[in-house]
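Worksheet for the structure shown next.
Numbering (my numbering), first residue to last: 5 to 77.
Below, the structure written as structure tokens:
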């Protein structure tokens, strides 16, 4: 059950991260980071690793985008 919840949270974070890849919308990644961390935390409670790994990938994508944009843009 925790794995499914984690995947759903990861999908929400990914949907929010996609428009944040557009220039001048990078600030949206600051919203994505806590959501992805929450999903990874819930996924860690599961016996399966799929949801946790998915949230960690979304987290890495958002962090990479923030790093490339200098943290704001």
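Virtual Cβ for every residue (Gly too), placed ideally from N, Cα, C.
Exercise. Taking only the alpha-carbon atoms, compute the straight-line gap between residue 55 and residue 63 and give it to the nearest angstrom.
Key: When only Cα atoms are considered, residue 55 and residue 63 end up about 12 Å apart.
Practice problem: Label residue 33 either buried or exposed according to how many other C-beta atoms from any shown protein chain fall within 10 Å of its C-beta, with 16 as the threshold for buried. | Solution: Its Cβ being crowded by 16 or more others within 10 Å, residue 33 is buried.
Quiz prompt | Best match in 24, 28, 30, 42 for proximity to residue 59 [C-alpha to C-alpha] | solution = Cα-wise, what sits closest to residue 59 is 42.
Practice problem: Reducing DSSP to helix, strand and coil, say where residue 67 ends up. | Solution: In this structure, residue 67 counts as helix in the three-state DSSP scheme.
Quiz item: Beta-carbon separation of residue 21 and residue 66 under 7 Å?
Solution: Yes, the Cβ-Cβ distance between residue 21 and residue 66 is below 7 Å.
Quiz item: Measuring CB to CB, does residue 39 end up less than 7 Å from residue 6?
Solution: no
Quiz item: When DSSP labels each residue in this structure, what does residue 53 get in the three-state scheme?
Solution: Three-state DSSP puts residue 53 in coil, outside helix and strand.
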